[in-house]
Structures are given as structure tokens and as C-alpha cells.
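Down below is the structure, laid out as C-alpha cells.
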Amino acid sequence: MMHSGTTVAFASEMRPLFRLQPPQVDEAALAELVTFGWAAGRLSNCKGIERLPGGTLVTVPLAGGVPSERRYCDPLETLHRDPEMNRADAEEQVYEALEKSVKVHLASDVGYAMQLSGGVDSSLVAALAQEETAGSLSSFAVSLGDHPYDEGRYRDMVVQRYGLDHHEVAVSAADYASALPRAVRHMEGPLPHGGCVTLMLLCERIRKHTKVV
């Protein structure tokens with residue numbers, strides 16, 4: 002969001018706002034990016050543009066004046082400690098929450114697929130989703146070849162265990178370098194994680210098959 006004098010502008014991305022104000026590096030955000038890999042809170046990568054916190058409503062008076070904010074949702078308010086809960090109960094609640102979330106995300110009229118890295122998170126989602134799809138689940142993954150970070154052998158175990166219709170997207174160093182400028186543009190600033198590039202390439206491939214992941 003931009004607020005300057007009597008002008009207020011907002012957008013889901015920063016680039017449309019650049020038509021009103023040329024982008025300028027925000028030194029405060031840059032310091033956090035270098036230190037932590039991400040600019041937190043309201044900081045964007047550009048001066049004069051701020052990000053609204055999640056669950057925040059902004060009201061702009063049509064007659065002018067200062068915009069006001071109201072927080073309508075704060076996830077931290079739902080956190081609490083239950084001293085009487087044991088480990089078995091906690092595990093059951095976590096499983097039920099994961100199962101419910103997967104079911105909700107499988108609701109689609111245009112088909113769906115999933116991203117499978119071979120790690121714990123995506124493997125668990127694959128196991129739960131396969132129970133709901135009766136053996137018709139497609140999965141996609143980035144293959145880094147012989148790179149030590151590639152988790153191909155773990156993916157293979159999950160694919161074979163659950164009979165997934167699996168697709169691999171091979172990404173070479175040259176592919177990565179070529180896609181980097183495009184990823185920076187979409188992220189609207191320095192990349193907080195190198196995986197942003199491979200994720201973009203993966204999503205481009207998935208989009209040729211389905212719209213929902």
C-alpha cells in the first residue's frame with residue numbers, strides 16, 4: 002500500500018504501484034534481507050510502499066483524511082497450552098487436522114496434482130491425499146540429477162508405495178541461471194531462498210497439466 006498526502010493506492014503486488022512512484026531501494030528492508038533472508042513486518046523492498054499485516058482491514062475516508070486500520074484476525078490468539086494433553090492425544094489431533102486440511106484442498110472441479118519433494122511434509126500429504134483419491138493422484142518434482150540436495154531416492158520410495166502418477170522436471174545449472182532474472186521479477190526483490198527459482202520452473206510445468214496444486 003502507498004499513502005502520500007491525499008493519495009492512497011493498494012495492490013496485491015508492488016509492480017502496479019511503480020506507475021505512481023518509481024521503485025527505490027528501502028535500506029531498512031535491505032538490512033533485514035541480508036541478515037535474515039527476509040524483510041519482516043510492514044517492510045517491502047521499496048521506499049514508500051508497505052505491506053499490510055495478515056488479518057488487517059484498512060479503511061480509507063473518501064472525503065480525505067488518514068486511513069485507519071483494524072486487526073480482525075490474529076493467529077496467535079488461537080494458540081494455547083493444554084497441560085492435561087498427553088502425547089497420544091496431541092498426535093491424534095495433529096493427524097485429524099492434517100487429514101481435514103488435505104480433504105479441503107482436494108476440492109476441485111478442474112483436477113489437481115501435488116508437489117512431491119521426497120521430504121517428510123510432502124510425503125505425508127501424498128499418503129493422506131492418496132487415501133482420498135483412490136489411486137488417481139499425480140505428483141510433480143524437480144530433479145537435480147546427481148546433486149547431493151536431490152531427494153530422488155526418497156521420492157521413488159513414496160511414488161512406489163502409493164502408486165503415484167509421477168512426473169520429474171529436470172533443472173540444470175543453465176536452466177537455473179536462465180530463470181533467475183524472471184524469478185527475481187516475480188518476487189519483486191532479492192530472493193529469500195534459492196528454491197524460489199526451481200519452484201517457479203516446477204509450477205510452470207504443472208500448469209500445463211492442471212490448475213490446482
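Its first residue numbered 2, the sequence shown is counted upward by one per residue in our numbering. Ideal Cβ placement from N, Cα and C applies to all residues, glycine included.
Sorting Glu28, Leu203, Leu129, Leu99 by C-alpha distance to the C-alpha of Gln116 places Leu203 at the top. For Ala10, the enclosing beta strand (DSSP E) has its first and last residue at 8-10. The continuous stretches of alpha helix (DSSP H) do not include His148, and DSSP gives it neither H nor E.
At a Cβ-Cβ threshold of 8 angstroms, Met3 and Leu21 count as neighbours.
Residue environment for Tyr163: buried (at least 16 other C-beta atoms within 10 angstroms of its C-beta). Ala171 has its alpha-carbon roughly 20 angstroms from the corresponding atom of Gln161. Contact annotation: Arg156 and Ala142 have beta-carbon atoms nearer than 8 angstroms. Nearest C-alpha to Arg183 among Pro54, Glu169, Leu200, Gly6: Leu200.
Inclusion of Pro193 and Gly42 in the CB contact set at 8 angstroms is not warranted, their separation being larger than that value. Taking the CA atoms as reference points, Val95 sits about 44 angstroms from Pro62. The beta carbons of Leu125 and Gln131 sit no closer together than 8 angstroms.
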